[in-house]
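Residue numbers (my numbering): 574 to 1031.
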Ligand code: UD1
Ligand code: MG
């Protein structure tokens, strides 16, 4: 037996419904794998249910959804998946997890896979009300436009009497704005017997989970509403709603970062990813995009229009404007990366400067080195990638091509416009451009010659 009430004081079993078609997304991809801040909606939910203290997590999938099952395995190794053979409604979906429900004693929380922003607090509050004696707890919200949602029908004492789906509701019931979010908590020991009584005599011919309310009440049980903020339980049925939920997530995360001490000059223009880490006293200028895997330390400034992914930036750096840091970029303290500089798999030591129009890929740059405008590490020969190593204190003149594999020694100089194909020793100057030639008085002679030719021709 997986437990009885009280086995685990705050634990609950989460059943996440993900088997629906998601037709309105018009996508080849299952709806729950569409991403908010670079993480699948299902990933947000799995993270939240664990944060709330779920002991058992089971995701209901359709037979075709191998990609959903492998996502679950990759995101939460302890979570399990079950298959709902045909999509016959939300109650039928929960019953696909019968093997889990047969042994459960703790509260069962059913979650809709397309409602990704639910907070651990809401989940805990729902589980708590079950533990306090309710048979069914429905997480409700007040909808500005309740069209499409199940309406919560309460009696005079505020106790929940039934949920009526939009398609089955009378005009009077449709006027109700208190709606079902899709999250329903049920007493674990009663879940199976309540759900087994649900039929499909309704407008859509489906087995509605929402009927659990009327059935629990008919048996003398309590059913209550826990009202959550509407933004926490927004559902995603279309691309437009996906973008709305993304905007809510972004605004919340930016607010949290600012509360933690990060400055943003124009927060609404900063785009974050679910795992972006920015330390207090970093300053983010307008229009900066953080892709996955970015860490920015304290005291660093990310200037306008920069794009970062897979990059670690230490303290005191200045990046941008218009810089692009790609995966594997590691900047030590006080590095300067200027405009139109691209870095990839580049370790740049403290105090080094790469200020203008440069590509640094598969490279190491030593402490305090100075890389001139237009320097290119030629890391690719059409077959393989090769490394460039630049020593501490080195100076690479503008418009130089460093053809990897190659090493520039400590304190070495590379003359502007050089194409470096061989290693340069410590402290040496390497220059590969042609020597400058000067012809005194040449312009006067040249012009006279050209004028004579023109006069002859006319
Ligand atoms: C459901 C609720 C409605 C609530 C709304 C909130 C029911 C009957 N209705 O309606 O009261 O206001 O959510 O968004 O529960 N799913 C399966 N298998 C199925 C059917 C659905 O796994 O056979 C999954 C879907 O993938 C989805 C979730 O269950 O994640 C909800 O299903 P959906 O069809 O979106 O229900 P709604 O019509 O939105
Ligand atoms: Mg839905």
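Glycine included, every Cβ here is placed at the ideal spot set by N, Cα and C.
- Residue pairing by DSSP places residue 837 opposite 857 in a beta bridge.
- Residue 611 and residue 805 have their C-alpha atoms some 18 Å from each other.
- The alpha helix (DSSP H) runs of length 4 or more contained entirely in the segment 895 to 925 do not exist; there are none.
- Secondary structure of residue 847 (DSSP, three-state): coil.
- Separation of the CB atoms of residue 901 and residue 926 is rounded to 20 Å, and the pair is thereby denied contact status at 8 Å.
- Distances from the CB of residue 779 to the heavy atoms of ligand 1 include at least one below 8 Å.
- Cβ contact annotation for residue 857 (same chain, cutoff 6 Å, sequence separation greater than five): 837, 843 and 875, in chain order.
- In this structure residue 1025 is exposed. Its beta-carbon is surrounded by fewer than 16 other beta-carbon atoms within 10 angstroms.
- Judged by their CB atoms, residue 754 and residue 808 are nearer to each other than the 9 Å cut-off.
- Taking every protein chain shown into account, the CB of residue 1019 has fewer than 16 other CB atoms within 10 angstroms, so this residue is exposed.
- Apart from sequence neighbours up to five positions away, the residues of its chain that approach residue 583 with a beta-carbon distance below 6 Å are 626, ordered along the chain.
- Placement of the Cβ of residue 723 at a distance of 8 Å or more from every heavy atom of ligand 2 is found.
- Counting of Cβ neighbours within 10 angstroms places residue 956 among the exposed residues, the total staying below 16.
- Taking the Cα of residue 841 as reference, the smallest distance to any Cα among 833, 853, 850 and 862 is reached at 862.
- Judged by DSSP in its simplified three-state form, residue 762 adopts helix.
- Leaving aside the five residues that flank residue 848 on each side, the residues in its chain whose CB is nearer than 7 Å to its CB run, in chain order, 865 and 866.
- Set against 8 Å, the gap from the CB of residue 687 to the closest heavy atom of ligand 2 is smaller.
- If you draw a straight line from the Cα of residue 720 to the Cα of residue 778, it is about 19 Å long.
- Assigned with DSSP and collapsed to three states, residue 597 falls in helix.
- In the three-state DSSP reduction, residue 674 falls in the helix class (H, G or I).
- The beta carbon of residue 713 lies closer than 8 Å to those of 725, 751, 752, 753, 754, 798, 799, 800 and 801 in the same chain, with the five residues before and after it left out.
- For residue 958, the pairing in a beta bridge is given by DSSP as 953.
- When the beta-carbon positions are compared, residue 985 and residue 974 stay at least 9 Å from each other.
- For residue 889, the closest alpha carbon among the candidates 882, 903, 898 and 871 is that of 871.
- Here the alpha carbons of residue 850 and residue 967 stand approximately 32 Å from one another.
- For residue 885, the enclosing beta strand (DSSP E) covers residues 884 to 886.
- For residue 731, the Cβ stays outside the 8 Å cut-off from all heavy atoms of ligand 2.
- Beta-carbon to beta-carbon, residue 674 and residue 641 are separated by about 20 Å, too far to satisfy the 8 Å threshold.
- If one requires a minimum length of 4 residues, the alpha helix (DSSP H) runs lying completely within the segment 735 to 803 are 744 to 747, 764 to 768 and 785 to 791, in chain order.
- For residue 632, the enclosing beta strand (DSSP E) has its first and last residue at 627 to 634.
- Contiguous beta strand (DSSP E) elements confined to the segment 636 to 697 occur at 653 to 656 and 681 to 685, taking only those with 3 or more residues.
- Taking the Cα positions, residue 946 is about 42 Å away from residue 817.
- In this structure, residue 630 places its C-beta atom within 9 Å of the C-beta atom of residue 653.
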